[in-house]
Every structure is written in C-alpha cells, then in structure tokens.
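Student:
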Amino acid sequence: SSASRSGLLSQRGASQVAPGHAASWVRLTAVATTRDEGIDEPSSAAKRILEQAVAAGFETLVKAQEGIWARRWHDTDIAIDGPARDQMMIRFGIFSLLQVAPFHADTLSIPARCYAYNRYNGLYFWDGEIFLLPFYQFCAPPVARNLLSFRCRTLPGARRNAALLGAEGAIFPWQGDADFGEEQAPWGLHKYLWHQNADIIYAFDQYARATGNEAFLCNEGLEVLAETARFWVSQLQRGDDGLYHLEATVGPDEAEEHGPDNGYTSLMARRSLEISNRWWNCAMDKTPGAADLAAAKLGLIDGEVDEWASLAGKVSIPEVPGCAGVPLQDAFFLSRKPADISNMTVEEYWKKRGEVQVIKQADIVLAMYLLEDRFTKEEIRRGYEFYEPKTLHVSSLSYNTHAIVAAIIGKPHDAYDYFRKAAGLDLDNLRDATKDGLHAAALGAVWQMAIPGFMGMRVREDHLAFEPALPDAWKEIRFPIQYHGWHLRFAVGGGRYRIDVSGEGRPGAMLKIGGASWALDAGPTIEGRYRP
Ligand code: IFM
Numbered sequence: 017s018s019a020s021r022s023g024l025l026s027q028r029g030a031s032q033v034a035p036g037h038a039a040s041w042v043r044l045t046a047v048a049t050t051r052d053e054g055i056d057e058p059s060s061a062a063k064r065i066l067e068q069a070v071a072a073g074f075e076t077l078v079k080a081q082e083g084i085w086a087r088r089w090h091d092t093d094i095a096i097d098g099p100a101r102d103q104m105m106i107r108f109g110i111f112s113l114l115q116v117a118p119f120h121a122d123t124l125s126i127p128a129r130c131y132a133y134n135r136y137n138g139l140y141f142w143d144g145e146i147f148l149l150p151f152y153q154f155c156a157p158p159v160a161r162n163l164l165s166f167r168c169r170t171l172p173g174a175r176r177n178a179a180l181l182g183a184e185g186a187i188f189p190w191q192g193d194a195d196f197g198e199e200q201a202p203w204g205l206h207k208y209l210w211h212q213n214a215d216i217i218y219a220f221d222q223y224a225r226a227t228g229n230e231a232f233l234c235n236e237g238l239e240v241l242a243e244t245a246r247f248w249v250s251q252l253q254r255g256d257d258g259l260y261h262l263e264a265t266v267g268p269d270e271a272e273e274h275g276p277d278n279g280y281t282s283l284m285a286r287r288s289l290e291i292s293n294r295w296w297n298c299a300m301d302k303t304p305g306a307a308d309l310a311a312a313k314l315g316l317i318d319g320e321v322d323e324w325a326s327l328a329g330k331v332s333i334p335e336v337p338g339c340a341g342v343p344l345q346d347a348f349f350l351s352r353k354p355a356d357i358s359n360m361t362v363e364e365y366w367k368k369r370g371e372v373q374v375i376k377q378a379d380i381v382l383a384m385y386l387l388e389d390r391f392t393k394e395e396i397r398r399g400y401e402f403y404e405p406k407t408l409h410v411s412s413l414s415y416n417t418h419a420i421v422a423a424i425i426g427k428p429h430d431a432y433d434y435f436r437k438a439a440g441l442d443l444d445n446l447r448d449a450t451k452d453g454l455h456a457a458a459l460g461a462v463w464q465m466a467i468p469g470f471m472g473m474r475v476r477e478d479h480l481a482f483e484p485a486l487p488d489a490w491k492e493i494r495f496p497i498q499y500h501g502w503h504l505r506f507a508v509g510g511g512r513y514r515i516d517v518s519g520e521g522r523p524g525a526m527l528k529i530g531g532a533s534w535a536l537d538a539g540p541t542i543e544g545r546y547r548p
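Note that the sequence shown covers residues 17 to 548 in my numbering.
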C-alpha cells in the first residue's frame with residue numbers, strides 16, 4: 017500500500033519471513049519530470065519507466081548503472097599518488113559534480129547547493145558558469161553545452177529583467193529559476209548585482225575555446241552575445257574623465273555596498289563586451305547566414321558590434337594607489353580602517369565589515385585568475401599580496417580561488433594549504449554550513465585547483481598549455497581531459513609526463529608542456545620532462 021502527505025512520499029509493505037530465512041526487498045523508483053526531454057506527462061512516463069524496469073529486472077538495471085558510472089569515472093577521475101585525504105576530497109568533488117550534472121537536458125541547470133538542501137531554494141547562480149563549467153567542458157562537454165544552452169533558452173526572461181530595470185538588451189538573473197530565467201534575488205539585489213551577465217559570456221567563450229565548438233557561439237549563442245552587450249552599453253555612463261563607468265554595482269560579495277566602478281563587475285563587463293565583439297565578427301566571417309538572420313531579428317544596426325569593442329577599451333578600472341596594475345575592489349574599501357584580521361571570527365566579521373578593511377570572498381583575486389591574460393605575473397602577485405591578508409573567506413568561493421592564484425604566482429605552500437581547506441569545506445564542515453546543503457561552487461573548484469591550479473592548465477589562443485607544479489605531497493597525478501575533440505590521459509609527476517592521445521579531434525590542435533610543443537594528431541603517446 018502507499019500513502020502520501022504533502023512533502024512526504026511513503027510506502028508500506030509487509031511480508032512474512034520464516035525464522036532462519038533471509039528476505040530481501042527490491043524497491044524500484046522512477047522519477048520523471050517535465051524537464052526531461054520528450055516528457056509532457058510525468059506520471060504516465062514514470063509508470064512506463066517503472067514497467068520497463070520491472071521487465072528488465074534488478075540485476076540488469078544494476079549492470080546498466082555500473083556501466084554508466086564506469087564510463088563517467090573513466091572520463092573524469094583524478095587519481096593521485098598522495099595523501100588519502102586529498103584523494104578522497106577530490107573524488108567526492110567529482111562524484112558530486114557527476115551526480116548533479118544535467119547529462120540529459122538543457123531545461124535546467126545546477127543549484128548553488130546541489131540537490132542536498134533547500135538553501136537558495138534550488139536557484140541557479142553564476143557559480144555554475146565560473147566554478148562548475150570548466151570541469152564539464154573538459155570532462156563532459158555535452159553537459160557544458162546543456163548548461164550554456166539553458167542560458168540561451170532563458171534569454172526571454174533575461175530580456176524582461178533588463179526591461180524592468182529600464183535597461184536595453186538582457187540581464188541574466190543573479191538567482192534564476194528553470195522556468196522563466198527571471199530574477200528571484202531578494203532585497204532588491206537585482207538593481208545592482210550584474211556581474212553574472214558578464215560571467216556567462218566569459219563561460220561561453222571558454223567553452224568554445226576548450227571544445228573547439230565555435231558553431232555553438234556563431235549560431236545559438238549570437239543573440240545572448242548581442243543582448244548582454246546591449247545591456248552593458250545602456251548602463252555604462254561617460255564620465256568627465258572620458259572613461260565609461262558603471263555607476264552603482266556590487267561584485268560577487270553580494271553583502272558589500274553598491275557603488276561606482278566596482279572592480280570585478282567592471283573588469284568582467286569589459287571582457288564580456290570584447291568577447292561579444294569577437295564572436296560576432298567571427299560569425300559574420302564564418303557563418304554569415306546565421307549572423308545575418310540573428311542581426312535582422314535583433315535589429316542590429318551598423319557599427320553596433322564595433323561599438324562594443326571600442327567601449328570595452330574605455331571602461332574605467334581604478335587601481336589600488338601605490339599598487340600598479342592591481343584593480344581596486346570598490347569605492348569604499350580604502351576608506352575603511354586597516355585591521356589585523358588573523359583572529360577575527362565570522363561573527364566579528366559581520367559586525368565590523370563596514371568599518372575595517374576585511375573582505376568576505378575573493379573578488380579581485382578571482383578576476384585576476386579569470387582574466388590572467390590581461391595581467392602580468394607581477395601584478396597578480398601584488399594583487400594577491402594586497403588582498404589575501406585582508407580576506408576572511410566567509411564564502412565557499414574564496415579558499416579555492418586563493419589556492420589557484422597562489423599556484424599561478426609560485427607560492428606552492430599557500431596553494432596547497434588553501435587547497436586542503438577549500439577541498440574540505442563540506443566534508444569537514446568548515447563553515448558550519450554543510451547542513452544547508454553542499455556548496456556546488458566549492459566542489460567544482462576542487463577540479464579547478466587540481467587541473468588549472470597544480471597542473472597549470474590554460475586554454476591559450478592556439479593551444480592548450482600546462483605548467484605543472486604539483487604539491488610536494490603528490491608524487492603523481494593521473495587524469496583525463498578532452499580538448500577540441502581529442503581525448504587525453506595524463507600521468508604527470510617527478511618531472512616526467514606521459515599523455516595518451518585518442519579519439520578524432522581537430523587536426524592541427526597543439527599542446528604545450530615542459531617547454532615542448534606537441535601536435536595532438538602526431539601519435540598516440542606523448543612523453544617528456546618538465547622542471548618540477
Ligand atoms: O554566488 C554566491 C555569491 O558570490 C556569494 N554568496 C553565495 C552565492 C551562492 O553560492
């Protein structure tokens with residue numbers, strides 16, 4: 017028999033077992049939703065799935081499940097010869113990312129707290145594009161494509177968000193749902209929390225560069241590229257200094273004050289305009305039919321695409337005085353009192369944050385990682401050394417960012433220390449917040465700390481680059497990635513690397529590691545040395 021109350025599904029069963037005998041029950045459950053492709057009527061679909069499952073039998077179902085998971089692990093697992101705790105944290109991160117991935121549909125994304133609890137009501141944040149997408153685009157490209165395609169689908173909602181603000185184009189929500197893509201953020205945050213609009217465009221670009229799937233941007237992506245650019249154009253105001261300013265925005269730390277020239281938002285808005293310009297030019301060149309169609313639909317006017325690039329070059333990015341090349345977090349930070357935060361508790365932080373120079377999460381440090389190509393290593397080092405001692409990491413997006421940037425600037429001990437804190441965020445319940453659900457961004461960043469971080473992997477203009485700097489405690493790392501259709505399996509450690517290449521990728525794709533360049537179509541195995 018079965019009974020249900022609101023919020024509760026339950027089932028009762030009874031059977032008799034003779035003393036000395038064992039009994040086992042197999043319970044089959046089918047879940048179907050309208051978010052699954054081709055399902056309009058979930059209850060009859062669930063019934064159908066269940067009937068098929070019963071007909072197949074338990075053993076067959078388990079075998080099929082094992083096959084799916086074996087394939088997933090084959091494509092994603094990172095194995096290290098190193099501390100068991102590190103290995104466990106890495107695998108927990110990867111498992112969680114696989115468990116929440118929309119392999120099957122582009123009608124939903126990944127909630128900021130996974131499906132572990134109701135914190136944030138299952139809504140979607142920029143966390144998905146910046147912290148999770150890199151894993152999928154290198155290990156499960158169809159999932160990355162689904163996540164981005166989800167944004168294309170919800171463009172109408174983003175247009176409505178812009179219209180509500182009296183702006184042009186489209187602004188994706190800071191907290192969005194799966195149905196309409198409309199803003200769900202509390203406290204009127206949507207009036208000034210806009211960086212996600214640029215983060216999404218950044219992710220589109222990264223996806224195309226990593227997978228080689230330019231067609232996606234040059235077709236489905238065109239409207240999103242144009243409408244987000246139009247949003248920025250309508251919001252950037254020319255100042256007396258001849259530069260363009262965002263008058264009142266806030267960065268990733270949503271609890272900060274909103275004001276002029278927010279560092280993270282301005283940096284990312286600038287990059288977003290550049291990306292929209294670049295891909296529209298690429299589409300006009302390579303897929304003119306699609307570009308003409310989209311231009312006509314959007315009413316794109318002559319010179320509009322060029323304007324995005326020229327405006328990008330004039331976005332105001334104030335710097336920290338005396339810290340050349342290091343963007344200033346915002347207009348308020350330096351007016352607060354310097355403070356030693358080494359013993360500050362989280363409670364003290366919430367009380368004092370408006371008075372003293374204390375930062376909740378990495379904003380500028382993150383921007384320096386994402387936009388690494390526009391900074392010198394020296395500038396990144398200066399930025400890290402300025403912001404890091406002032407950051408309390410009261411966010412799941414912060415330890416991990418510091419681990420990666422510490423790796424970039426050659427601070428291996430900081431990098432490993434931050435890795436261990438970041439990777440343990442949920443399993444060690446470091447912020448007493450795991451009860452509210454897993455932190456998706458932190459789980460995605462475990463992969464980023466290992467591969468872009470310790471392996472120094474970057475997608476460059478015409479190749480994939482690696483600068484390995486493994487923690488002393490890791491003797492070897494083995495992992496797969498996909499790049500431009502090639503399947504690569506790495507074994508790296510102790511100054512040696514071996515890469516097995518398979519699949520049929522883009523001819524001419526190149527990889528650089530240890531100062532050597534390799535053509536991926538040249539042979540099945542690449543071996544060499546790097547300086548550890
Ligand atoms: O998106 C983040 C934000 O940057 C900081 N607060 C939590 C959000 C969801 O993880």
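C-beta: ideal position from N, C-alpha, C; glycine also.
Evaluate residue 349 with the Cβ neighbour count: other Cβ atoms within 10 Å of its Cβ, from every protein chain shown; 16 or more gives buried, anything less gives exposed.
Tutor: buried
Student: Alpha carbon to alpha carbon, how far is residue 152 from residue 116?
Tutor: 11 Å
Student: May I ask you to report which of helix, strand or coil DSSP gives residue 17?
Tutor: Because residue 17 sits at a pLDDT of 37, beneath the cut-off of 50, its placement in the model cannot be relied upon, and the following sentence gives the value as read from the coordinates. DSSP, read as helix, strand or coil, puts residue 17 in coil.
Student: From the DSSP output, in three-state form, read off residue 321 for me.
Tutor: helix
Student: Helix, strand or coil: which one does DSSP assign to residue 353?
Tutor: strand
Student: Would you say residue 128 touches the ligand IFM, meaning its beta carbon is less than 8 Å from a heavy atom?
Tutor: yes
Student: For residue 550, tell me which candidate among 476, 499, 186 and 470 has the shortest Cα-Cα distance.
Tutor: Look at the range of the chain in this structure, 17 to 548, and you will see that residue 550 is not part of it.
Student: Please list, in chain order, all residues of the same chain as residue 439 whose beta carbon is under 6 Å from its beta carbon, the five residues on each side excluded.
Tutor: 105 and 462
Student: Could you tell me the distance, in whole angstroms, from the CA atom of residue 268 to the CA atom of residue 293?
Tutor: Distance between the alpha carbons of residue 268 and residue 293: 25 Å.
Student: To which residues of the same chain is residue 230 closer than 6 Å at the C-beta, ignoring the five residues directly before and after it?
Tutor: 224
Student: If you follow the alpha helix (DSSP H) that residue 433 is in, where does it begin and where does it stop?
Tutor: 428-439
Student: Where does residue 449 fall in DSSP's three states?
Tutor: In this structure, residue 449 counts as coil in the three-state DSSP scheme.
Student: Within a Cβ cutoff of 8 Å, which residues of the same chain sit near residue 260, ignoring the five residues on either side of it in sequence?
Tutor: 252, 253, 254, 327, 330, 331 and 332
Student: Compare the beta carbon distance of residue 447 and residue 362 with 9 Å and say whether it is the shorter of the two.
Tutor: yes
Student: So, for residue 62: in the same chain, excluding its five sequence neighbours on each side, which residues have a beta-carbon less than 8 Å away from its beta-carbon?
Tutor: 46, 47 and 48
Student: Can you tell me which of 75, 283, 376 and 141 puts its alpha carbon nearest to the alpha carbon of residue 43?
Tutor: For residue 43, the nearest C-alpha among the options comes from 75.
Student: Does the distance between the C-beta of residue 142 and the nearest non-hydrogen atom of the ligand IFM fall short of 8 Å?
Tutor: yes
Student: Along the chain, where does the beta strand (DSSP E) that runs through residue 261 open and close?
Tutor: 260-262
Student: So the alpha helix (DSSP H) residue 499 belongs to, where does it begin and stop?
Tutor: Looking at the DSSP string, residue 499 is not in any alpha helix (DSSP H); the run it does join, the beta strand (DSSP E), is 492-499.
Student: Check whether the region 491-500 and the region 76-93 are in contact - that is, three or more C-beta pairs closer than 8 Å.
Tutor: yes
Student: With a cut-off of 8 Å, do at least 3 Cβ pairs link the region 426-440 to the region 160-169?
Tutor: no
Student: Just curious, the beta strand (DSSP E) that residue 253 is in, first and last residue?
Tutor: 252-254
Student: Output the distance between the C-alpha atoms of residue 345 and residue 505, rounded to the nearest integer angstrom.
Tutor: Taking the straight line joining both Cα atoms gives about 39 Å.
Student: How many Å lie between residue 338 and residue 347 at the Cα?
Tutor: 16 Å
Student: Could you check how far apart the C-beta atoms of residue 213 and residue 244 are, in whole angstroms? I think they sit under 8 Å.
Tutor: Between residue 244 and residue 213 the Cβ distance is about 5 Å, and since that is below 8 Å, they are a contact.
Student: What are the start and end residues of each continuous alpha helix (DSSP H) run of 4 or more residues lying completely inside the region 71-99, in chain order?
Tutor: 74-92
Student: Would the C-beta of residue 457 count as close to the ligand IFM, meaning under 8 Å from any of its heavy atoms?
Tutor: yes
Student: Taking Cβ to Cβ, would you say residue 125 is nearer than 9 Å to residue 186?
Tutor: no
Student: DSSP three-state label for residue 535, please.
Tutor: Three-state DSSP puts residue 535 in a strand.
Student: Assess contact between the region 375-382 and the region 409-424, defined as three or more Cβ pairs (one per stretch) separated by less than 8 Å. Is contact present?
Tutor: yes
Student: Distance, Cα to Cα, residue 18 vs residue 102?
Tutor: Reliability fails at residue 18, whose pLDDT of 44 lies under 50, so the model's placement of it is uncertain and the value that follows must be treated cautiously. Those two C-alpha atoms are separated by around 44 Å.
Student: Would residue 233 and residue 295 qualify as a contact pair, given that the criterion is a beta-carbon distance under 9 Å?
Tutor: Yes, the Cβ-Cβ distance between residue 233 and residue 295 is below 9 Å.
Student: Between 98, 128, 120 and 97, which has its C-alpha nearest residue 112's C-alpha?
Tutor: 128
Student: Helix or strand or just coil, what does DSSP make of residue 161?
Tutor: helix
Student: Quick check for students: name the residue ranges of the alpha helix (DSSP H) that lie wholly in the region 93-156, counting only runs of 4 or more.
Tutor: 100-116 and 149-155
Student: Using alpha carbons as the reference points, say which of 196, 178 and 190 lies closest to residue 170.
Tutor: Closest by C-alpha distance to residue 170, out of 196, 178 and 190, is 196.
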